[in-house]
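Peer 1:
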Amino acid sequence: MTFSDRNRLSTVPEVEFPPIRQGKLVFGFRYLARLLRAHPGYAAGYAIVLAVTLISIAAQVIAPYSPVTADATVYLQPPSLSHLFGTDSTGMDVFSRVIFAPRIDLVIAIVGTFISATIGTLVGAWVGYFQAKSGIQSFVSNAIMRAADVLQAFPVFVFAIALVAVFGQSVASLVFAIAFVNIPIYLRLVRSQVLRIRDMRYVEAAYVLGIPDLVIVARHIIPNGIAPVLAQLSVNIGWSILLTSGLSFVGAGVRAPTPEWGSMIAMGFPNVMTGQWWPSVFPGLALALTVYGFALIGASIEFLADPRRRRTLSALERKAAIQA
Amino acid sequence: MSNSRSANRGVTRRALIKGAAAVAAYSALPKMLRSTADAAEPSHTLVIAAPATPQSLDHEFDVSLGTIDSVGALYDNLLEYEKIPDTQFPEALREDISVHADKPYNLNLKGKLAEKWEVSSDGTVARFTLRQGVKSNWGNELTADDVKWTWDRKLHLTGLGPFQTGVLNITKEEQIQVDDRYVISFHLPKPSPLLLKQMVNLSNPVYDATKCKEVATKDDPWAHKFLENNTAGFVPYVVGQLTRGQQAVFKARADYYRGKPYMDTVIFKEVPTSATRLSLLKGGSVDIAQFIQPLEYSALRNATGVSVDAVKASFAIWIELNTKFKPFDDVKIRRAMNFALPREEILKAVFQSLAGKQTGCIPEIYPFFTDKFWQYDTDLDKAKALLPEAGLKDGFKSTLTYDAGNPVQEPIAILFQTSLRKIGVEISLNKVPAATFYDFVTKREQPMIFYLDSPWVPDPGYSLQLYFNSDSYVDYSNYVNQQVNELIRSGLQTLDPAARQEIFTKAQQIVMDDAPWTFIAWPRYVLARRSNLKGFTYYTSNNLRFQDFSR
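Chains as they are written, first to last, in the working numbering: chain A, 1 to 324; chain B, 1 to 551.
1. Which runs of the alpha helix (DSSP H) at least 4 residues long sit entirely within the region 140–218 of chain A? Give them in chain order.
2. What are the boundary residues of the beta strand (DSSP E) that includes Q483 of chain B?
3. Three or more C-beta pairs closer than 8 Å, one from the region 334–347 of chain B and one from the region 103–116 of chain B: is that the case here?
4. Mind checking whether V49 of chain A and G293 of chain A have CB atoms under 8 Å apart?
5. So what does DSSP say about I170 of chain B, is it helix, strand or coil?
6. Going by other Cβ atoms of all chains shown within 10 Å of its Cβ, with 16 needed for buried, is A515 of chain B buried or exposed?
7. State yes or no: is the C-beta of R529 of chain B within less than 8 Å of the C-beta of F536 of chain B?
8. Counting only C-beta atoms, is M264 of chain A closer than 8 Å to chain B at any point?
9. Provide the residue span of the alpha helix (DSSP H) that contains Y292 of chain A, from first to last.
10. Starting from Y75 of chain A, find everything on chain B with Cβ-Cβ shorter than 7 Å and list it in chain order.
11. Residues of chain B with CB closer than 8 Å to the CB of T290 of chain A, please, in chain order.
12. Going by the CB atoms, is the gap between V156 of chain A and V181 of chain A shorter than 8 Å?
13. For K431 of chain B, return the contacting residues in chain A, with the cut-off set at a CB-CB distance below 8 Å.
14. Are the CB atoms of W522 of chain B and Q358 of chain B nearer to each other than 8 Å?
15. Alpha carbon to alpha carbon, how far is F440 of chain B from V217 of chain A?
16. Look up R310 of chain A in the DSSP assignment and say whether it is helix, strand or coil.
17. What's the C-alpha gap between S428 of chain B and K148 of chain B?
18. Under 7 Å between beta-carbons, which chain B residues line up against A70 of chain A? List them in chain order, please.
19. Could you check where the beta strand (DSSP E) with K83 of chain B kicks off and where it finishes?
20. According to DSSP, V630 of chain B sits in a beta bridge with which residue or residues?
21. Let me make sure I understand the geometry here. Which of B:F450, B:N469, B:V480 has the alpha-carbon closest to that of I520 of chain B?
22. When DSSP labels each residue in this structure, what does A50 of chain B get in the three-state scheme?
23. Let me make sure I understand the geometry here. Which of A:A38, A:T69, A:A125, A:S141 has the alpha-carbon closest to that of Y186 of chain A?
24. Could you name the residues of the region 286–303 of chain B whose beta carbon sits closer than 7 Å to any beta carbon of chain A, in the order they occur along the chain?
25. Look at the alpha carbon of A165 of chain A and the alpha carbon of C361 of chain B, and state the distance between them as a whole number of angstroms.
26. Excluding the 5 residues flanking T610 of chain B on each side, which residues of the same chain have their C-beta closer than 6 Å to its C-beta?
27. Going by alpha carbons, who is nearest to S192 of chain B out of B:D330, B:L492, B:L278?
28. What are the boundary residues of the beta strand (DSSP E) that includes I68 of chain B?
29. Which runs of the beta strand (DSSP E) at least 3 residues long sit entirely within the region 104–171 of chain B? Give them in chain order.
30. Could you check what DSSP says for A315 of chain A in three-state terms: helix, strand or coil?
31. Taking Q164 of chain B as the reference, give the member of B:L527, B:F546, B:P327, B:Y473 with the closest Cα.
32. For V526 of chain B, list the residues DSSP reports as bridge partners.
33. Do you know whose CA, among B:Y81, B:P51, B:D330, lies nearest S541 of chain B's CA?
34. Tell me the residue span of the alpha helix (DSSP H) that contains K225 of chain B.
35. Tell me which same chain residues have a C-beta within less than 7 Å of the C-beta of D475 of chain B, skipping the five on either side of it?
36. Please give the ranges of any alpha helix (DSSP H) in the region 353–396 of chain B, keeping only runs that are unbroken, at least 4 residues long and fully inside the region.
What follows is the structure, encoded as structure tokens:
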């Protein structure tokens, strides 16, 4: 067997795949479905996130009690049929609060992450495109990168606390804090893509044709460099949920008694020592599960966005079929 | 031969092992016996798990928890109250602060640094004869100059001193006179029933003036820098080590004029988390766990080797209703807020019944307290009916600010919010870090804010003066009622107990009607300790005094 034969055996022939134009946004549901069948762990991630989203949307119907109404006559009741996850120290129903919480956590995390991704992508594309040029544009590009260095030099959590402290304790402040601390991540990611793409023939051709720079960036560079951003988004949403909860845990997040996982964990934390574990453990589990779900989705997108890994899909499918 | 060698080697090895075991046992045995003896003999070291170590040892500028516990052991006063058993916890003692018609000046006092004391019939001059031969921790003898320097210091510094002198109408150094090496007199322009009580107050200990003058500099003539880290007093304990944020170690003085305290060494460890303090106490690593949460105290009730004393105290927790903010400028709204507070539920769920219902505006344990003007048992119908009378039939919105560092305030705020929602009042909860909370309180710019405090001098006049005189710096609800001001002023210049009772009863009636606070609770002073620790004494300054304890 020659080296090229071995090489051919170890890779899946491209003929098995419908042609995928690298850099396009749409990978197609068919590929996703194939991937989820071959890799059930990823499917679990989608199921978790979908379930959390649906439950939070239907929380008003599902929740047996108001999530913000205290009832001291039933404080710290253990899990039972009347209170599935028990009650906290003020008698609020933990189950109702746990299912209402994603309304806050998901909204803050998703909005904050999308804002940071949008700004980071636009600025990163601009910086990457103009960095090699001379004059004021290059100067501004370098200045932006150094500013990003400064921002990333701060510990993210401490920086987010400082932002919330400056702008006040509100959902808007949390969204702003999350967006702000995430922008440098997307900026660097997109810049690195643009540095590669801008030297490609089709970009040079567009430039020679006299197409304005901003049009080249918007029409030819961003669409071709956005795949890693999409992969990063899901992971980042999960991380942002953690950050939101972390901020609430230390008292810099949403105002009490807004149902939010981090603030619930913080409120119930002192009771763990005295044996009442449920006000903290249930929101903690919900938080962990949701973040895990987003991490799995991120992993699946990363898989789909990577041509080399995509080529292993058939092998995975065969393995799954044999196991079945 | 080989067997013999082998046997010999085996015997040798066995012998060696046996020998080693014997030596180990021999050396270990006395140690074990010593340990048993140690366990049988009570330890003379007191270990306290506290939320914080003292920040400053100069009480003039610091009233933090660690500091006030230290001041009680590092300085002495001229007088003290006699101690009586607590009615609910007879193992615990407390100061006898009630009015005694059969005792001089109607008080059950005992000399500490002062041997004798007398007050003129018009109540304007008090003369103290000091105990002779009392030495400070620097070896200087107590004289009247020390007392004079102590009070002069209050007049010149900007800490607690001006308040302490102000309530006695002392404004000039000449009002404090050294009559003799051991006799000091205070001359007041008007009679004051607080004069002797102020000599018991933890805030008014006596400094060793000789040492303080020695270390004073031109820039620091009152030795503030020195006293921040050192002590100069006529004291039972001295500071052995102070590592802020970790621990303070206090050593008993063998030459203390009342005899060496039982506890030779006191280790005051900073353990910020109440759950950790609880664990240390349960595990026997500490003798006292301070300020653990109500639910944790309940969990301790059945713990072996641990006792919990929960005595009535001078503490109170309430919500300041800022009368300069609408709609709290309207007495009807303030009353509605009081009717809407689910007090009984709060006492049970939040305080675990380790607090009493706050049915008055001065501590229930103080003389002349009355609860006959209490009218605010929870009644949402009454609360709701008051809103239209105040022109707010659709309710209103406001903000309640609370301290993130106080674990009971958030649940109280949530329960109150739920209750107010039922009458159409929406309050948002504003959680403020402990470090900045008191700035929020003192600025008086919040419509509603929690406050936890205790007036240390067990006198209704002192208490009312602090919180309800519109000139007081502690009138955080911006409450102004000229009649109350006049009653307080009059009561603080009246010596006759019957007349004082009449004056302060009237003042309490007006304040309760005006409801400048949402009255919540009187938390108990709760001490969680190892069962073999004896001598706990409750003081109205809500602090420990290490010299009280023994085993």
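In this text, a Cβ means the ideal position worked out from N, Cα and C, and glycines have one as well.
Values in this document were obtained by computation on a predicted structure and should not be read as measured data.
Peer 2: Quick answer:
1. Within the region 140–218 of chain A, the runs of alpha helix (DSSP H) at least 4 residues long that lie entirely inside it are, in chain order, 156–167, 171–197, 201–208, 213–216.
2. Bounds of any beta strand (DSSP E) do not take in Q483 of chain B; it lies within the alpha helix (DSSP H) bounded by 482–491.
3. no
4. yes
5. coil
6. Answer is buried; the Cβ neighbour count reaches 16.
7. yes
8. no
9. 278–305
10. A349
11. Simply none; closest approach about 25 Å.
12. Remark: C-beta atoms of V181 of chain A and V156 of chain A approach each other more closely than 8 Å.
13. The answer, in chain order, is Q169, G251, R255, A256.
14. yes
15. Straight-line Cα distance between these residues: approximately 51 Å.
16. helix
17. 51 Å
18. I414, L415, T418
19. According to the DSSP assignment, K83 of chain B belongs to the beta strand (DSSP E) that extends over 83–85.
20. Residue 630 of chain B cannot be examined here, being either before or after the span of chain B that is shown, 1 to 551.
21. B:F450
22. strand
23. A:A125
24. Q293, L295, E296, A299
25. 35 Å
26. Residue numbering for chain B in the displayed model covers 1 to 551; residue 610 of chain B lies beyond these limits and cannot be assessed.
27. In terms of CA proximity to S192 of chain B, B:L492 leads the group B:D330, B:L492, B:L278.
28. Note, I68 of chain B: premise wrong, no beta strand (DSSP E); alpha helix (DSSP H) at 65–74.
29. Positions of the beta strand (DSSP E) runs, each at least 3 residues long and wholly inside the region 104–171 of chain B, are given as 109–111, 114–119, 125–130 in order along the chain.
30. Here A315 of chain A carries a helix assignment [DSSP, helix/strand/coil].
31. B:Y473
32. V526 of chain B is bridged to B:A310.
33. S541 of chain B has its Cα closest to that of B:Y81, out of B:Y81, B:P51, B:D330.
34. Per DSSP, the unbroken alpha helix (DSSP H) holding K225 of chain B starts and ends at 224–229.
35. Y467, F468, N469
36. If we require 4 residues or more, the alpha helix (DSSP H) runs fully inside the region 353–396 of chain B come out as 380–389.
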